[in-house]
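Scroll down for the structure; my scribbles are underneath it.
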Amino acid sequence: MALHPRLRISLVLAPAAWLCAEALAEDRYGCEQPISVAYTRNVVFFHDDVGIDPDLIAELGKRTGCRFETSVRPRDEVWRRLESGELQMGTSGVATPQRRAYTYLLPYLYMRNKLIVRNDLGDMNGLDAFHDMPGARLGVIAGYRHGAYIDGMLRILKAEGRVVEYQDDTTRFSALLNGDVEGVIGHEMNLEGAVSDRRQRERFRVVDVMPGPATPHNLMLSRKRFTPAQSAEWMRLMEVLWLDGSLARIMRNNAPPPVAEGLLDSGYRYSSTDRGW
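The sequence shown begins at 260 in the working numbering and counts up one residue at a time.
This is how it looks when you write it as structure tokens:
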């Protein structure tokens, strides 16, 4: 049976249109080749092959058609590889001026890092009190940044030889339990995930030491892979995920309701007087 000329043209053009759309997406997001992305083990973001970060990458893959090659690496290695271009994307990174020079940083959650200390250390209500405790040591993840306020105190403590770096939560919380350090910087979920025994967790308390808003945690795009225009497209897509509730769904699927709401809250507060109305 002979095909109608218009139908014949449609059948010819359909594959071409599909290929054109695919090529446009590749150029738009820079995904003509698979994108290498690394996670870091952390009970808040990635643990046992699940978490906020793999859910985010899966959603980005659905929206863009990009293919991702995933790996798990220590935080400090992730940043080194992003800078060299060996790695093209990372997750849950905190911005610094140096890091902005070699990555585009797109925020997708906000976190208030806190001081976790033993109950027997007395009235420990802030980082200054911790600093004033002679010889007290603080455990942190190597390569991790916590925001300007906390990092400022960490520089002071590090200059005094009182900061101990670890590759992951397991080793640093083991150090806390064993008394090798007197405190760590983290979140309630870090404590709960790393110390499964409730009675052991009750030996510690979590102190909110940040005076200002929460710290943005970002999707990191290597400038050696992505152009400014492509990074703008990724940023636009992240805004869509904020607006259509996809990021909220991801947080709520991976954290208890109060914690999930906190991860979505920057901590900034505005009123009519703040805006000059």
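A virtual CB, placed ideally from N, CA and C, is assigned to each residue, including glycine.
Cβ-based neighbour list, residue 295, same chain, cut-off 6 Å, excluding 5 preceding and 5 following | These residues qualify, in order along the chain: 328, 346, 347.
Residue nearest to residue 514 in terms of C-alpha spacing, selected from 314, 289, 293 | 314
Compare the C-alpha of residue 473 against each of 337, 336, 365, 369 and name the closest.
-> 369
Between residue 431 and the rest of its own chain, which residues show a CB-CB distance below 6 Å, the 5 nearest in sequence each way excluded?
-> 398, 425, 443
Any idea what DSSP makes of residue 358, helix, strand or coil?
-> helix
Segment contact flag, the segment 330-345 with the segment 448-459, C-beta cutoff 8 Å, min 3 pairs = no
Three-state secondary structure (DSSP) at residue 366?
-> strand
Using 10 angstroms around the beta-carbon of residue 531, count the other beta-carbons present and answer buried if the total reaches 16, otherwise exposed.
-> Confidence at residue 531 is low in this model, with a pLDDT of 41, below 50, so its placement is unreliable and the value that follows should be read with caution. Burial call: exposed.
Tell me whether residue 437 sits in a helix, a strand or coil according to DSSP, three-state version.
-> helix
Could you give the DSSP three-state label for residue 280: helix, strand or coil?
-> Only weak support exists for where residue 280 lies, its pLDDT of 47 falling under 50; the coordinates are left without a value.
Check whether the Cβ atoms of residue 467 and residue 359 lie closer than 8 Å to each other.
-> no
Within 10 angstroms of its Cβ, does residue 362 collect 16 or more other Cβ (buried), or is it exposed?
-> buried
To which residues of the same chain is residue 355 closer than 7 Å at the C-beta, ignoring the five residues directly before and after it?
-> 404
Where residue 483 falls: helix, strand or coil (DSSP) = coil
Quick one: is residue 321 buried, meaning 16 or more other Cβ sit within 10 Å of its Cβ, or exposed?
-> Under this definition residue 321 is an exposed residue.
Cβ neighbour criterion (16 or more within 10 Å) applied to residue 481 = Burial call: buried.
Among 519, 305, 353, which one has its Cα closest to the Cα of residue 407?
-> Nearest to residue 407 by alpha-carbon distance, out of 519, 305, 353, is 353.
In terms of DSSP beta bridges, what is residue 464 paired with?
-> 376
Where residue 280 falls, given that 16 or more other Cβ within 10 Å makes a residue buried = Below a pLDDT of 50, predicted positions are generally treated as unreliable, and residue 280, at 47, falls in that range; no measurement from the model is reported.
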